[in-house]
Amino acid sequence: MANGQCTVIVGCQWGDEGKGKIVDVLAEDVDVIARYQGGANAGHTVHIGEEQFILHQIPSGILHSGKRCLLGNGVVLDVLQFFEEYEALAKRGIDVEGRVGVSERAHLLLPYHKAHDRASEDKAAEKIGTTGRGIGPAYEAKAGRVGVRVADLRGGERMEKRVREGLERARQRIGGGSAEPKDELEADVRKSLELGGRLLGMATDTGLEVTRALRAGKRVLLEGAQGTALDLDHGTYPFVTSSNTTAGGAGTGVGIGPTAIDSVVGVVKAYTTRVGNGPLPSGFEPEMDQHIRDLGGEYGATTGRPRRCGWFDAVLARYAARVNGLTGVAVTKLDVLDTIPEILITVAYSTAHGDTEEFPADTWSLESVKPRYETHPGWQADTTRAKSLKDLPKNARAYLDRVEELTGAPITMVSVGTDRSQIIRV
Ligand code: GDP
Ligand code: IMO
Ligand code: MG
Numbered sequence: 001m002a003n004g005q006c007t008v009i010v011g012c013q014w015g016d017e018g019k020g021k022i023v024d025v026l027a028e029d030v031d032v033i034a035r036y037q038g039g040a041n042a043g044h045t046v047h048i049g050e051e052q053f054i055l056h057q058i059p060s061g062i063l064h065s066g067k068r069c070l071l072g073n074g075v076v077l078d079v080l081q082f083f084e085e086y087e088a089l090a091k092r093g094i095d096v097e098g099r100v101g102v103s104e105r106a107h108l109l110l111p112y113h114k115a116h117d118r119a120s121e122d123k124a125a126e127k128i129g130t131t132g133r134g135i136g137p138a139y140e141a142k143a144g145r146v147g148v149r150v151a152d153l154r155g156g157e158r159m160e161k162r163v164r165e166g167l168e169r170a171r172q173r174i175g176g177g178s179a180e181p182k183d184e185l186e187a188d189v190r191k192s193l194e195l196g197g198r199l200l201g202m203a204t205d206t207g208l209e210v211t212r213a214l215r216a217g218k219r220v221l222l223e224g225a226q227g228t229a230l231d232l233d234h235g236t237y238p239f240v241t242s243s244n245t246t247a248g249g250a251g252t253g254v255g256i257g258p259t260a261i262d263s264v265v266g267v268v269k270a271y272t273t274r275v276g277n278g279p280l281p282s283g284f285e286p287e288m289d290q291h292i293r294d295l296g297g298e299y300g301a302t303t304g305r306p307r308r309c310g311w312f313d314a315v316l317a318r319y320a321a322r323v324n325g326l327t328g329v330a331v332t333k334l335d336v337l338d339t340i341p342e343i344l345i346t347v348a349y350s351t352a353h354g355d356t357e358e359f360p361a362d363t364w365s366l367e368s369v370k371p372r373y374e375t376h377p378g379w380q381a382d383t384t385r386a387k388s389l390k391d392l393p394k395n396a397r398a399y400l401d402r403v404e405e406l407t408g409a410p411i412t413m414v415s416v417g418t419d420r421s422q423i424i425r426v
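Position one of the sequence shown corresponds to residue 1 (the numbering used here), numbered consecutively onward.
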């Protein structure tokens, strides 16, 4: 069984694999769901009947009543947006009260981090195409040991001084020509700090909570954001996010040891997408790109930007299986390929130095690799009502078998639509 007592859910491509949907489905059978990294750059979509929810910082388990939802120390917490999200859920009738905990050790992402992020992108000759949510600057402050943590909100004058210095540092980095009016920025910082007392009311030691839950025999999901190819160490640097998105970051990001984790489920789309800049080796030609984008509704859940699309990349999937130590794979959006007559899979990259089946560290060389494809006949039939593998057309099953074989980890779930109910458990 791929889902154990403490399971990491991790994206295996460039994010937006459908982690939100998978976490929502698995959350029914667990007690605690915790985010371990990232911030409001994430956009995790969950559909329940006619309703759509997009979660940015609050774990996707929040839509199951009674489950405890935690934001770990590895998260950079945008205070203003966090409360906006919390209130919006409450307004929609979700019982958020008392269910959300934030790590005392999580770093605050303040409005000047966002201003800095946007200014850096505006000025950069080679843009990363960030979400503009302040992620890079907030992690920079954390690693630079000048950040402000949730626990610091108890600290009065010392905390205020660190915030003032952070604001000043950001201003210097932004330089002239910023679109961000000075007074507005200060007012937003003030607003964030005014919410400090409320945030402290939710503060907790997430490592301790998770450990106690596990000792009591409860089940825990650790919800990753972004994906393996966006990992700061293992992704397509510098076109990555600023955290460890991979499973190794999960223990660190909530405050438990690696031995407490017993399973890792990797989420992959049945094809590939990418939003933001950087190489996408198996990317489609423009016409097919638009076609799949339309079929799959491939527009960013956070920024609305169109996602670039391509064929399933088994080089990346196998790399992700290794880097994350996958015990299971959840394939999503199989239904998007229902009408496609021929489906390709990238099995290797052709480079100037010959073919390789390993994902290269050299991002610049990745821009010029030629994918080596394998062609599979499509199934051209509706999969959206399938409840088990045997309900799927023969060619769809063959495609999944090949994806599993090339990835090197067992498929444990297949998603065939946006709704909670459209899931095959293998
Ligand atoms: P996440 O960031 O990994 O949670 O993924 P996103 O929510 O950003 O993007 C995934 C999109 O695909 C969302 O709009 C989901 O509603 C949708 N989705 C998830 N699973 C499926 C599926 O099996 N089929 C279809 N058609 N859509 C899906
Ligand atoms: P979820 O959790 C897809 C991308 C951005 C950009 C790069 C760096 O919904 O899968 P950042 O704002 O993090 O500094 O941007 O990472 N990116 C994502 N792409 N899904 C996400 O999250 C992403 N979060 C960041 O587009 O290329
Ligand atoms: Mg997303």
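Don't be surprised by glycine CBs; every beta carbon is placed ideally from N, CA and C. In this text the structure is predicted, and so the values were computed from the model without any measurement.
* Are there 16 or more other CB atoms within 10 angstroms of the CB of Trp379, so buried, or fewer, so exposed? -> buried
* Step through the CB atoms of chain D and report whether any lies within less than 8 Å of the CB of Leu167. => Going by chain labels, chain D is absent from the structure shown, which holds only one protein chain.
* How should Ile9 be labelled, buried or exposed, when 16 other C-beta atoms within 10 angstroms of its C-beta is the threshold for buried? -> buried
* **Pocket of the ligand MG defined by Cβ to heavy atom distance under 5 Å** => Asp16, Gly43, Ala301
* Would DSSP call Asp205 helix, strand or coil? -> coil
* Asked: Which residue comes first and which comes last in the alpha helix (DSSP H) that contains Tyr112?
  -> 111-123
* Proximity test, Ser242 beta-carbon vs the ligand IMO heavy atom, cut-off 7 Å -> yes
* Go ahead and pull the three-state DSSP assignment for Gly20. => helix
* Please determine if the segment 258-276 and the segment 36-52 are in contact, where contact requires at least 3 C-beta pairs separated by less than 8 Å. => no
* What span of residues does the beta strand (DSSP E) with Pro371 cover, start to end? -> 370-377
* **Asp335 Cβ short of 7 Å to the ligand GDP heavy atom set** => yes
* Whose C-beta lies closer than 7 Å to the C-beta of Arg402 among residues of the same chain, with five residues either side of it excluded? -> Ile345, His376
* Under the rule that 16 or more other beta-carbon atoms within 10 Å means buried, what is Val146, buried or exposed? -> exposed
* Is Gly227 near Thr252, with beta carbons less than 8 Å apart? -> no
* Apart from the five residues on each side of it in sequence, which residues of its chain come closer than 6 Å, Cβ to Cβ, to Gly276? -> Gly129
* Asked: Near Lys142, which residues of its chain fall below 6 Å by C-beta distance, leaving aside the five closest residues on each side in sequence?
  -> His107
* Asked: Can you check whether the CB of Asp29 is closer than 8 Å to the CB of Ser60?
  -> no
* Runs of alpha helix (DSSP H) wholly within the segment 216-293 (minimum 4 residues, chain order) -> 248-254
* Asked: How should Met1 be labelled, buried or exposed, when 16 other C-beta atoms within 10 angstroms of its C-beta is the threshold for buried?
  -> At Met1 the pLDDT is 40, less than 50, meaning the model places this residue with poor confidence; the figure from the coordinates comes in the next sentence. That one is exposed.
* Give a single yes or no on whether Ala138 has its beta carbon closer than 7 Å to a heavy atom of the ligand IMO. => no
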